[in-house]
Amino acid sequence: MLRKLLKHEFRATGRIMLPLYLILLVTSFGANLSARGLLNTQYRILDVLGVLLVMAFGIAICAVCVMSMVVMVQRFYKNLLQDEGYVMLTLPVSVHQHIWSKLIVSAVWFALTLGMVILASCIVAFDIDFIKYFFQGLGELFGELRHVEAYYAINGTAIALEFVVLCFLGCCAMCLMFYAALAVGHSFANHKMAWSVAWFFIFQFAINILGSAVIIFADATGLDYFLTNYIHFGFMAGIHAAMIFMIICVVVYGAVFYGVTTFFLKKRLNLE
Amino acid sequence: MSVLECKDLCKSFGHAQALDHVSLAVEPGRIVGLLGPNGSGKTTLIKLANGLLTPSSGEITVCGMAPGRESHGLVSYLPERTSIPTWMTTTQLLDFYGDFYSDFRRDAAEEMLAHLNIQSRQRIKQMSKGTREKVQLIMVMSRAAKLYLLDEPIGGVDPATRDYILSTIIGNYDPEAAVVISTHLISDVEKVLDEVIFINQGRLVLQSSVDDIREEKGMSVDELFREVFKC
Numbered sequence: 003m004l005r006k007l008l009k010h011e012f013r014a015t016g017r018i019m020l021p022l023y024l025i026l027l028v029t030s031f032g033a034n035l036s037a038r039g040l041l042n043t044q045y046r047i048l049d050v051l052g053v054l055l056v057m058a059f060g061i062a063i064c065a066v067c068v069m070s071m072v073v074m075v076q077r078f079y080k081n082l083l084q085d086e087g088y089v090m091l092t093l094p095v096s097v098h099q100h101i102w103s104k105l106i107v108s109a110v111w112f113a114l115t116l117g118m119v120i121l122a123s124c125i126v127a128f129d130i131d132f133i134k135y136f137f138q139g140l141g142e143l144f145g146e147l148r149h150v151e152a153y154y155a156i157n158g159t160a161i162a163l164e165f166v167v168l169c170f171l172g173c174c175a176m177c178l179m180f181y182a183a184l185a186v187g188h189s190f191a192n193h194k195m196a197w198s199v200a201w202f203f204i205f206q207f208a209i210n211i212l213g214s215a216v217i218i219f220a221d222a223t224g225l226d227y228f229l230t231n232y233i234h235f236g237f238m239a240g241i242h243a244a245m246i247f248m249i250i251c252v253v254v255y256g257a258v259f260y261g262v263t264t265f266f267l268k269k270r271l272n273l274e
Numbered sequence: 008m009s010v011l012e013c014k015d016l017c018k019s020f021g022h023a024q025a026l027d028h029v030s031l032a033v034e035p036g037r038i039v040g041l042l043g044p045n046g047s048g049k050t051t052l053i054k055l056a057n058g059l060l061t062p063s064s065g066e067i068t069v070c071g072m073a074p075g076r077e078s079h080g081l082v083s084y085l086p087e088r089t090s091i092p093t094w095m096t097t098t099q100l101l102d103f104y105g106d107f108y109s110d111f112r113r114d115a116a117e118e119m120l121a122h123l124n125i126q127s128r129q130r131i132k133q134m135s136k137g138t139r140e141k142v143q144l145i146m147v148m149s150r151a152a153k154l155y156l157l158d159e160p161i162g163g164v165d166p167a168t169r170d171y172i173l174s175t176i177i178g179n180y181d182p183e184a185a186v187v188i189s190t191h192l193i194s195d196v197e198k199v200l201d202e203v204i205f206i207n208q209g210r211l212v213l214q215s216s217v218d219d220i221r222e223e224k225g226m227s228v229d230e231l232f233r234e235v236f237k238c
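Here the protein sequences come in this chain order: A and E. Mind the numbering: the first sequence is residues 3 to 274 in our numbering, read in order. Mind the numbering: the second sequence is residues 8 to 238 in our numbering, read in order.
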């Protein structure tokens, strides 16, 4: 059933995101024309056109990034908590499958948005000195890396991978925080959206307080001193430990929001 | 086994008691009118049967099981408002119902849609309110479910559409299944009902067959309703 939910979820969101990606690519070609020389002609009208094309590209990038967030929130809200909820929540699927389908689809659109922004930026810079210098710089970087010890090369790659995993899980946890705030807010009889916004800020506040509490705890109890002097964490091991600790924290708070969302959708659902 | 059964069912929203110790049973093969004035608890009962609300106390079962994922596959539910995704075309909606319900009879749905001259590429949001309600009803009645829960299926539509809706219900439900129709427009549905459940202020007032009402009380369901719920 999750596969079927995903199919319809991609169908519902793709009709918004795919045209936006197309617009982004078209504007990137326009911005590429500007960068190739449209901005430095003798004709004022062409200069103005060049500026407009670059502006359109900037606006398209913003629109794609903002819309991937809006679609993530709006799909959960409209599909499960508004009128469509009567159809969706009476399908023979579990609440877990509903949440996973929304989460997976949002994560895929976030990843695709990042990919499309990188692709569009490459198109803008294509065949211009900039891209030549960029790849030259990359070549030099890898050339230097050959001389770097395997210890640093392996650790550097691992840290980069840990960072990617952290970002991805962070996006998923952020989605779940939105879902939890909406689910809790919509369990109230009145002012559901206002309550949802209030709960979003309450969750944010709680995370900040907990984060600060962990740092103060580590400092007050001498945990950092213990880790550095007794366990003998080196520099690289320290970075790995910090990354893994942050990943665990993100997974834990994502799991808490997942639990809150499922509880409120199962036990405290209050459709209009 | 009863298709729908409530035992001492209570539901409250804060201090407001929406259902108060309701006990009833709906048997297969019956068309039951769930009748009561506005705010009597009809929609709450139907939402509880669909798992859209959880009981405060008591028990509600559908085909012997608590409302949930399994029972959703046996219940065909028509909400009181149009809830089908409006961005979909008719074909996409047929795909949607076909994907999730193994008992969905696509050919029957297509036949009814063709009868209403609804184009397969037409989006739901491009349709009039009445047409949307008919499309939603067609989807619900094209399932071979064990229990049909229809919440105000004829509320807010013109008399011609009411006739269409009632004939669609009668012509498409599985005779082995039970149909529960919630409404306060009794005179329109009376002719199709086998049984009635009167509910008022969250309490069960009466559960009886339509024939018994006519024979024992010598009045129609509409007349009895007006007498019981006289203001």
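Ideal Cβ placement from N, Cα and C applies to all residues, glycine included.
Minimum Cα-Cα distance from residue 52 of chain A among the listed residues A:38, A:61 and A:65 corresponds to A:38.
When secondary structure is reduced to three states using DSSP, residue 193 of chain A falls in the coil class, being assigned neither helix nor strand. The beta carbon of residue 96 of chain A falls within 8 Å of a beta carbon belonging to chain E, placing the residue at that interface. Remark: C-beta atoms of residue 20 of chain E and residue 185 of chain A do not approach each other more closely than 8 Å. Annotation note: the stretch 103-160 of chain E contains the following uninterrupted alpha helix (DSSP H) runs of length 4 or greater, listed N- to C-terminal: 113-122 and 136-148. Following the DSSP letters along the chain, one finds residue 13 of chain E inside the beta strand (DSSP E) bounded by residues 11-20.
A contact is defined here as three or more CB-CB pairs under 8 Å, and the stretch 162-169 of chain E fails this definition with respect to the stretch 119-131 of chain E. Around the beta carbon of residue 271 of chain A, 16 or more other beta carbons lie within 10 angstroms, which makes this residue buried. Within 9 Å of the CB of residue 84 of chain E, the CB atoms of chain A belong to 88, 89 and 92, in sequence order along the chain. Residues of the stretch 6-25 of chain A with a Cβ closer than 9 Å to any Cβ of chain E, in chain order: 6, 7, 9, 10, 13, 14 and 17. A straight line joining the alpha-carbon of residue 180 of chain E with that of residue 151 of chain E spans about 7 Å.
Take the alpha-carbon of residue 106 of chain E and the one of residue 188 of chain A: they are about 28 Å apart.
By the beta-carbon neighbour count (other beta carbons within 10 angstroms, threshold 16), residue 113 of chain E is exposed. A straight-line Cα-Cα distance of about 21 Å links residue 65 of chain A and residue 172 of chain A. Residue 227 of chain E and residue 158 of chain E have their alpha carbons spaced roughly 22 Å apart. Distance check between residue 75 of chain A and each of A:111, A:97 and A:98 places A:111 closest, using alpha-carbon atoms only. The C-beta distance from residue 60 of chain E to residue 51 of chain E rounds to 7 Å, short enough to meet the 8 Å contact threshold.
Residues of the stretch 36-67 of chain E with a C-beta less than 8 Å from any C-beta of chain A: 54, 57, 58, 59, 60 and 61, listed in chain order. Just so you know, the alpha carbons of residue 172 of chain E and residue 203 of chain E end up roughly 19 Å apart. Here the stretch 97-109 of chain A makes no contact with the stretch 193-212 of chain A; the two share fewer than three CB pairs at distances below 8 Å.
In its own chain, leaving out the 5 sequence neighbours on each side, no residue places its CB closer than 6 Å to the CB of residue 234 of chain E. Between residue 21 of chain A and residue 76 of chain E, the C-beta gap is not smaller than 8 Å, which leaves the two residues out of contact. When DSSP states are grouped into helix, strand and coil, residue 209 of chain A belongs to the helix group. Around the beta carbon of residue 194 of chain E, fewer than 16 other beta carbons sit within 10 angstroms, so the residue counts as exposed. The residue among A:145, A:125 and A:251 with its C-alpha nearest the C-alpha of residue 31 of chain A is A:125. A buried status is given to residue 12 of chain E, since no fewer than 16 other beta-carbon atoms sit within 10 Å of its beta-carbon.
If you ignore the 5 residues before and after residue 108 of chain A, its C-beta comes within less than 6 Å of the C-beta of 74 and 177, all in its own chain and listed in chain order. Take residue 97 of chain A, set aside five residues on each side of it, and the residues of its chain with a beta-carbon closer than 6 Å to its own are 264, 267 and 268, in chain order.
A straight-line Cα-Cα distance of about 24 Å links residue 83 of chain A and residue 98 of chain E.
In this model, residue 92 of chain A and residue 144 of chain A are separated by some 55 Å (Cα to Cα). The C-beta distance from residue 66 of chain E to residue 100 of chain E rounds to 34 Å, too long to meet the 8 Å contact threshold. For residue 103 of chain E, the nearest CB of chain A lies under 8 Å from its own CB, placing it at the interface with that chain. The beta carbon of residue 9 of chain E does not come within 8 Å of any beta carbon belonging to chain A, so the residue lies off that interface.
As summarised for the stretch 8-85 of chain A, the continuous alpha helix (DSSP H) elements at least 4 residues long and confined to that stretch are 46-78, given in chain order. Taken through DSSP and simplified to helix, strand or coil, residue 183 of chain E comes out as coil.
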